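To keep things clear, I will list the structure first and then write my remarks on it.
Numbering (my numbering), first residue to last: 6 to 702.
In structure tokens form, the structure reads like this:
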């Protein structure tokens, strides 16, 4: 009994002694940490900083209607420069110059947006700077150097204004003083370092993200930076747009740095270094393509090396956007235009000739191909921008959506439907074409308005189907006179001519000839203008896209759909469908079946019995077509215009082509046949599965 009590007491003493030792050890460690070596650990805690950085989310992938990837992303490395990673004894300017010299040796460009030339004698380049850069330079001059009044708005900051206040040479001297750049440094080195110090300074002023020193750098440079201990430089991964096709450059569009207007309108969405869509579908579908950036918490030691990191919010990539385009057809259409224009240019030496083409699915308004020539490569856009901007062929100009052209005789099917539906002509009525048409209601004693037909000997008796096949001006002059401009324009507008088609990437609305337009430009509308409008001349100006959509509406029985490029949108991991469907028709043009057949038969006879029969012998599908020739000036060659649809019995697609100074519309027939054959002989493509090493969005 006594032994048991003794043992219990001993165990209690042992346990108490153990706890006392633990307490003393804890107190000793705390004393050592906070008292004896407090200053050391305090310095370490300052140098070991946990910082939060934004993790860029990659943009969504763009595919064609069949899943073929058109634009994706490629993983790259980039360098930032952060002066907080320098030690107290490190010279900021020396560290920057050392990194610049490495980039020079390796042929790597670093970011320098200081709007001043990089070599002496210096000159301002504010006039050509973007709005963001102009705004930032203004803030720098106002806040950091205090040489510009805060009352001066960004829009008023110009090369001329700045030169009158402070010469570029004087600015460079003040920047040397502000950034403590040694006076004995060479001008080139001082200017290079000043450009980087300026980038770092403005980021403090606008409170934006870290300075990205160089983008899309190779692994060799990354290794040199890490092995050479370039203090202040930090490597991170990013992504850039990867173009899996050279086609559809005008449709796909470009990306670029966010502008001041975007920042002001969306301060919670964008930061000053974000890449956003600038044109084409990259801009139109920015809301779908843009991902949600994540955040990452990073701890670094006093050597600048990362000791730990973890995500506080995972980045969410942008969605996968499927376009209505058929990539194979798009490529074939662009190649057909290039071949045709190259051949024409070789014959007459014209280097300014351009062309536009559009292919639309009947019954949906989906754009299957949209081509403009000359074109450019998106992969080389930045490198070749200056050269292509001065190209007389204007490769950046999207002729398919912004080129305005007289439709010529391709307008006659519209006039025919208007005349038949209005009852001013019947299917059986025949009009005798004598070769020259006279306006019936001329005032006595005045010279009668008259117009020669292209066939001056006349076509003889023509019904409406024959008039379309033979493109009989005399017949359609008469239709224009009978209809009057109000009814003619009513039908043209119902077919979407002279107004925007609705396509998401922007377009020109064109011009619908009539008294209203004439009055707006200070001209008088005469009766003769009406009969010229009926054959597609006068002031009528339409885009190739409008012409294709008009034909698709006509052969589709009158259902007028908006032209569009968005097919569907899915989450980046295909976990959900965000958008799919076809827009509702804008309107419906009432067309009796027998009237539609009469017009379609006239277009069909042109390809089987008429002047285009020889061109369409090699076409794999039965087709209806209409040519157009539009005179621009007496000294220049006519534009060639061409529209067609196929198959004849059950129309699926409508095509429109315009070639500037291409001559007659018949000259475009072989080009149209190439496009039709490319579509109707193509192999069906299933959903494309991304291959190995393909960077997902």
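The beta carbon of each residue, even a glycine, is placed where N, CA and C say it ideally should be. Computed from a prediction, not measured in an experiment: that's the story for all the values here.
- Boundaries cannot be given for residue 642, as no beta strand (DSSP E) includes it and DSSP labels it neither H nor E.
- With contacts defined by Cβ atoms closer than 8 Å, residue 546 and residue 515 form a contacting pair.
- Assigned with DSSP and collapsed to three states, residue 337 falls in helix.
- By the criterion of at least three beta-carbon pairs nearer than 8 Å, the stretch 60-70 is in contact with the stretch 326-346.
- Note that the stretch 133-153 does not touch the stretch 217-235; fewer than 3 beta-carbon pairs, one per stretch, sit closer than 8 Å.
- From the listed residues 555, 617 and 253, the smallest Cα separation to residue 590 is found for 555.
- For residue 396, there is no enclosing beta strand (DSSP E), as DSSP gives it neither H nor E.
- The beta-bridge partner set that DSSP reports for residue 554 is empty.
- When C-alpha distances from residue 628 are compared across 677, 368 and 229, the shortest belongs to 677.
- Residue burial annotation: residue 122 is exposed, with fewer than 16 other C-beta atoms found within 10 angstroms of its C-beta.
- In this structure, DSSP gives residue 619 a helical state, which the three-state scheme calls helix.
- By the Cβ rule, the stretch 556-573 does not count as touching the stretch 379-388, because fewer than three pairs are nearer than 8 Å.
- The criterion of a C-beta distance shorter than 8 Å is not satisfied by residue 474 and residue 633.
- By the C-beta density criterion, residue 478 is buried, having at least 16 other C-beta atoms within 10 angstroms.
- Residue environment: residue 656 is assigned as buried (16 or more neighbouring CB atoms within 10 Å of its CB, all protein chains considered).
- DSSP, read as helix, strand or coil, puts residue 443 in strand.
- For residue 458, the three-state secondary structure derived from DSSP is coil.
- The distance from the Cβ of residue 482 to that of residue 430 is about 13 Å, inconsistent with a contact at the 8 Å cut-off.
- Here residue 299 really is in contact with residue 320; their C-beta atoms are around 3 Å apart, less than 8 Å.
- The beta carbon of residue 141 sits closer than 6 Å to those of 207, all from its chain and outside the five residues before and after it, given in chain order.
- Between residue 375 and residue 334, the C-beta gap is not smaller than 8 Å, which leaves the two residues out of contact.
- In this structure, residue 466 and residue 437 form a Cβ contact; the two beta carbons are roughly 5 Å apart against a cut-off of 8 Å.
- Assigned with DSSP and collapsed to three states, residue 389 falls in helix.
- Measuring C-alpha to C-alpha distances from residue 85 to each of 231, 184, 135 and 75 identifies 231 as the nearest.
- The criterion of a C-beta distance shorter than 8 Å is satisfied by residue 323 and residue 294.
- Sorting 337, 161, 600 and 61 by C-alpha distance to the C-alpha of residue 468 places 600 at the top.
- With distances taken between CA atoms, residue 233 lies nearest to 108 out of 108, 414, 686 and 115.
- Of the other Cβ atoms in all chains shown, 16 or more fall within 10 Å of the Cβ of residue 417; this residue is therefore buried.
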